[in-house]
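Engineer: Could you have a look at this structure, given as C-alpha cells, before my questions?
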Amino acid sequence: MKQAKPIVVLGVIFFFVVLLIPTLLVVPFTEKTDGKLKLHENVKQTPKTEKLQKVTASPLDVSVYRTETKKVEKLPLEDYLVGVVAAEMPATFELEALKAQSLAARTYIVQTMMNGNNHLPQGADVTDTVEYQVYLNKDELRSRWNKDYDWKIKKIQEAVKDTQGQILTYKNKPINATFFSTSNGYTENSEAYWKNSIPYLKSVASPWDKKSPEFTNQKVMSVASFEQRLGVKLTNSGSVGEIVSRTPGQRVDYVKINGKELSGKDVREKLGLSSADFHWTKKGNEIIINTKGYGHGIGMSQYGANGMALEGKTYKDIVTHYYTGVAITPNDQFVAQLTAKR
11 MKQAKPIVVL GVIFFFVVLL IPTLLVVPFT EKTDGKLKLH ENVKQTPKTE KLQKVTASPL
71 DVSVYRTETK KVEKLPLEDY LVGVVAAEMP ATFELEALKA QSLAARTYIV QTMMNGNNHL
131 PQGADVTDTV EYQVYLNKDE LRSRWNKDYD WKIKKIQEAV KDTQGQILTY KNKPINATFF
191 STSNGYTENS EAYWKNSIPY LKSVASPWDK KSPEFTNQKV MSVASFEQRL GVKLTNSGSV
251 GEIVSRTPGQ RVDYVKINGK ELSGKDVREK LGLSSADFHW TKKGNEIIIN TKGYGHGIGM
311 SQYGANGMAL EGKTYKDIVT HYYTGVAITP NDQFVAQLTA KR
C-alpha cells in the first residue's frame, strides 16, 4: 500500500496540468471587462460611423449634359442635388424651404431617370436647363456667389443632407414634383396647363406669394407685335378681347379676340408673359399687359414655400400642402432599380 503513494501524487499533478494548459493559452489573447470578453487591442474594429455612412450614401450617379461645354458631367446624386437647389432657389431662403426644394428636386430626378429619355445626348440622364432642372457645379457657383460662397454652399448642403434618402410618392410611385417661382395666390390644376389630369397636382391656396418680388409684372408691346404674335386683328372699337373663362387656379382659361378663341397658355407663351393670369388694355398704338404670378403655377410655389417656412412650417408641411395626397418615402428601392439597370 505504501508503494502506491508516488503513483497517486503523479496522477494529481497530471490532472492539474491538463486543466491549466488551455487557460494559459487563451488568456494572452483576450481581456475581460465587466464580465464580457473583448478583442485584444491590436485587433482593429470598424467604427459605427463608417458603417452608417455606407448605408446612407447613395450609390446612384447622375449624368448631366452641360449645354455650354457640350459634355456630360457625371456625379453622385446628392452632389447633383446641391447644384440643382443652389441654381433653382435663392440660398437666402429659409432652411425649411430649401429642404422642400431638395426633396422636390430629388424626387424629380429619380422619377425622370426611371422614365428614361431617348432624346438626350448619349450617356446623359438630364440637361442642365429648365427643360429638366437647372444645375450649376461648384466652380460656377463660386463665380456667381463670390465672397458669399462658403456660407451659401454650406446652407444648401445642409438642406440636401437633412432630406437625404427621401422622395415624394403617390401610390408608391415617385411623383412628377414640378415647381415654379410665384403663384397668383393659387397653384393650378395640371390639366389646366397640360393634357393630363394628375391627382397630386391640384389647385391649392398660396397666399404667401403676395410678398414675392415677382407677384406682379407688366409688359408693353406695340399693337402690330401683339397682332402678329397671336395671329389676330384687333377691332377699331379699342377693345383687345374678352376673357371667356378662368381655370381653377384663377388664370385665364380661354380668351376671345375679334372672334378668335385662344387658350391662356397659348397667349402666355406666344407673348412671353410671366403668368397666364393676365389682363390688358389698349392705349394708342400699345397694348399694356399686367400679370400676376410667375411661372406655370403647377406644383410647389417657391416663394410660397419660403412664406410657409417663415411662419414656422416644416419642409414636410410645405410639400404635403403643395402636392396633394403624397407621402414622404425612402428612395432605397427606386435607387436600387436604377442602379441595377446600369
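Going by my numbering, the sequence shown opens with residue 11, and the numbers climb by one from there.
The beta-carbon is built from N, C-alpha and C at its ideal position, and this holds for glycine as well.
#1: Can you name, in chain order, every residue of its own chain whose Cβ lies under 6 Å from the Cβ of L272, other than the five neighbours on each side?
#2: Only counting the same chain, and skipping five residues up and downstream in sequence, which positions put a Cβ closer than 8 Å to that of K176?
#3: For G274, tell me which candidate among I308, G282, L146 and R261 has the shortest Cα-Cα distance.
#4: Should the region 235 to 253 be regarded as contacting the region 308 to 321, the criterion being three or more beta carbon pairs within less than 8 Å?
#5: If you reduce the DSSP assignment to three classes, tell me which class N316 lands in.
#6: What is the DSSP secondary structure of L348, counted as helix, strand or coil?
#7: Would you kindly work out how many angstroms separate the C-alpha atoms of V53 and K326, rounded to a whole number?
#8: Among residues of its own chain, excluding the 5 on either side of N206, which ones have a beta-carbon nearer than 7 Å to its beta-carbon?
#9: Compare the beta carbon distance of V74 and E83 with 7 Å and say whether it is the shorter of the two.
#10: Would a C-beta distance cut-off of 7 Å place Y180 and V336 closer than the cut-off?
#11: Could you give the DSSP three-state label for R261: helix, strand or coil?
#12: Given a cut-off of 7 Å on the beta-carbon distance, is the pair A202 and K162 in contact?
#13: Are the beta-carbon atoms of T122 and Y210 separated by less than 7 Å?
#14: Here's the rule: buried if 16 or more other CB atoms are within 10 angstroms of the residue's CB, otherwise exposed. What is P69?
#15: Report buried or exposed for N194, applying the criterion of at least 16 other Cβ atoms within 10 angstroms of its Cβ.
Structural biologist: Well, looking at it:
#1: Result list for L272: V265, in chain order.
#2: What sits at residue 176 in the sequence shown is Gln, not Lys. So the qualifying residues of the chain are L113, R116, I338, T339, P340 and N341.
#3: Per the Cα distances, R261.
#4: The region 235 to 253, when compared against the region 308 to 321, does not touch it at the 8 Å Cβ threshold.
#5: Annotated three-state conformation of N316 is helix, per DSSP.
#6: L348 falls in the helix class under three-state DSSP.
#7: Bear in mind that the predicted position of V53 carries a pLDDT of just 27, short of 50, making it unreliable; the figure below should be weighed with that in mind. Their Cα atoms are separated by approximately 44 Å.
#8: Excluding positions up to five away in sequence, the list reads S200.
#9: Their beta carbons are under 7 Å apart, which means V74 touches E83 by this criterion.
#10: V336 sits close to Y180, with the two beta carbons spaced by under 7 Å.
#11: Correct three-state label for R261: coil.
#12: No; because the gap between Cβ atoms is not below 7 Å, this pair is not in contact.
#13: With contacts defined by Cβ atoms closer than 7 Å, T122 and Y210 do not form a contacting pair.
#14: By the beta-carbon neighbour count (other beta carbons within 10 angstroms, threshold 16), P69 is exposed.
#15: Under this definition N194 is a buried residue.
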